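> Throughout the sequence shown, residue numbering follows the numbering used here, covering 39 to 301 in sequence.
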Amino acid sequence: MDIGIFPWFFRQFESFIIILTRVSFIIFMMPFLGSRSLPIVPKIGFSLMTSLILLPTIKINSSPLSLGPLSFMVFIVGEAIIGFLIGFSMKLIFTGVQFAGEFIGIQMGFSIANVLDPQSEIDTNVMVQLYYFFAILVFFAVDGHHWFFKAIAHSFQILSPGGIFLGEGLLRHILILSGRIFQIAIRIISPIMAILIFIQLALGVVARMIPQINLLISSFPLTIGIGLIFLGLSLDLLFPFLRGIIEESGRGLVHVLLPLMKR
């Protein structure tokens with residue numbers, strides 16, 4: 039047996055671990071697939087399968103790896119950061135959507151009826167769940183998950199393993215993406231919040247004019263009913279808005295975020 043096969047196998051194994059680190063972080067951060075409610079075994083298997091498919095097509099400079107375990111760990115940490123940032127940039131969209139649901143749920147009076155969110159495993163109101171699942175449906179309807187697979191494939195072409203650079207431009211871009219949480223939430227809730235605030239003002243006037251009415255009891259069904267009506271009316275506008283945000287963020291993964299991480 040040729041003894042040269044052992045160094046070759048060891049280099050292939052190192053390359054596989056490096057690829058697996060980036061791929062697994064991206065997949066575990068993907069919407070829906072990254073949910074804690076899903077079993078971890080299928081996600082691990084999907085990460086292994088994707089990494090094996092990419093292994094023959096990716097060339098990794100093995101000279102830094104030959105310097106020792108420390109260089110290998112640097113590669114691993116860099117790949118973990120790349121995968122995390124790619125998944126994090128898309129996850130911010132759904133955070134903004136859930137933030138909008140939290141605001142609307144509080145205004146409609148659903149904060150007293152919390153349910154367990156399978157995504158984050160924390161108690162949230164039902165409006166957060168409704169908006170999140172609607173955003174997930176839009177995400178798959180417009181093939182948003184394809185952008186993740188494009189990002190996985192293009193990331194190794196644009197940003198070779200070990201080539202990450204955390205520059206000022208990247209940090210500024212991450213801050214801009216984080217600020218979009220509030221922008222997305224405000225644009226989603228603005229139509230419904232406007233009518234809910236108007237209802238509260240009207241109820242306040244009625245309470246001053248007719249103090250005998252128990253507004254604490256009568257305001258709940260009125261606020262919930264009108265809120266749900268305008269929620270249904272706003273879904274026709276919410277779909278194209280979410281589609282544009284998802285497609286824009288998907289293009290940003292490949293054409294903006296990855297080049298900013300390149301040295």
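Glycine included, every Cβ here is placed at the ideal spot set by N, Cα and C.
Only a predicted model underlies this, so the values are computations on that prediction, with no experimental measurement involved.
Using the C-alpha atoms, what's the distance from I196 back to P297?
Using only the alpha carbons, I get a separation of about 7 Å.
> Hey, is F258's beta-carbon within less than 8 Å of any beta-carbon in chain D?
The structure shown contains no chain D; it holds only a single protein chain.
> Suppose you measure from the CA of L71 to the CA of I65; what does that come to, to the nearest Å?
Taking the straight line joining both Cα atoms gives about 7 Å.
> Is it buried or exposed, E206, if we count other Cβ atoms within 10 angstroms and call 16 or more buried?
Label assigned to E206: exposed.
> Terminal residues of the continuous alpha helix (DSSP H) containing P94?
Counting along the chain, P94 falls outside any alpha helix (DSSP H), and DSSP gives it neither H nor E.
> Using 10 angstroms around the beta-carbon of M165, count the other beta-carbons present and answer buried if the total reaches 16, otherwise exposed.
With 16 or more other Cβ atoms within 10 Å, it is buried.
> I believe R281 touches V135 by the beta-carbon criterion, under 8 Å. Please report the beta-carbon distance rounded to the nearest angstrom.
Not confirmed; about 13 Å, so no contact.
> What's the C-alpha gap between G147 and Q221?
In a straight line, the C-alpha of G147 is about 23 Å away from that of Q221.
> Could you spell out the range, first to last residue, of the alpha helix (DSSP H) harbouring Q195?
Note, Q195: alpha helix (DSSP H), G182 to I196.
> Which residues mark the beginning and the end of the alpha helix (DSSP H) in which V166 is found?
Segment V164 to A179, the alpha helix (DSSP H) holding V166.
> Could you please give me the residues that DSSP links to I202 through a beta bridge?
Beta-bridge pairing links I202 to K300.
> Tell me whether S259 sits in a helix, a strand or coil according to DSSP, three-state version.
The residue asked about is misnamed: residue 259 is Pro in this sequence, not Ser. Here P259 sits in helix by DSSP.
> Measuring alpha carbon to alpha carbon, tell me which of R74, I142, A173 and A118 ends up nearest L269.
The shortest C-alpha separation from L269 is found at I142.
> Throw me the rounded Cβ distance for the I237 and L260 pair, which I believe falls under 8 Å.
Confirmed, about 7 Å.
> Check F70 in the structure and name its three-state DSSP category.
Here F70 sits in coil by DSSP.
> Confirm, please, whether the CB-CB distance from I56 to F113 is below 8 Å.
Result yes, Cβ atoms of F113 and I56 sit closer than 8 Å.
> Which residue from I284, S109, I214 and F63 puts its Cα closest to that of L175?
The residue with the shortest Cα to Cα distance from L175 is I284.
> Please say whether V61 and I202 have beta carbons closer to each other than 8 Å?
No. Outside cutoff.
> Going by other Cβ atoms of all chains shown within 10 Å of its Cβ, with 16 needed for buried, is M68 buried or exposed?
Buried, because 16 or more other Cβ atoms sit within 10 Å of the Cβ of M68.
> Hey, how far is the Cα of I131 from the Cα of A173?
Straight-line Cα distance between these residues: approximately 9 Å.
> In three-state terms, what does DSSP make of Q136?
Of the three classes helix, strand and coil, the one that applies to Q136 here is helix, per DSSP.
> Just tell me which of L108, R74, I120 and F84 has its CA closest to the CA of H192.
Among L108, R74, I120 and F84, the Cα nearest to that of H192 is on I120.
> Can you give the Cα-Cα distance for R246 and P80, rounded to whole angstroms?
One C-alpha to the other measures close to 59 Å.
> Please determine whether the Cβ atom of M247 lies at a distance below 7 Å from any heavy atom of the ligand FAD.
Questions concerning the ligand FAD fall outside what the structure shown contains, since it holds no ligand whatsoever.
> May I have the straight-line CA-CA distance separating F84 from G263, to the nearest angstrom?
One C-alpha to the other measures close to 43 Å.
> Q250 to I267, Cα distance in whole Å?
Those two C-alpha atoms are separated by around 28 Å.
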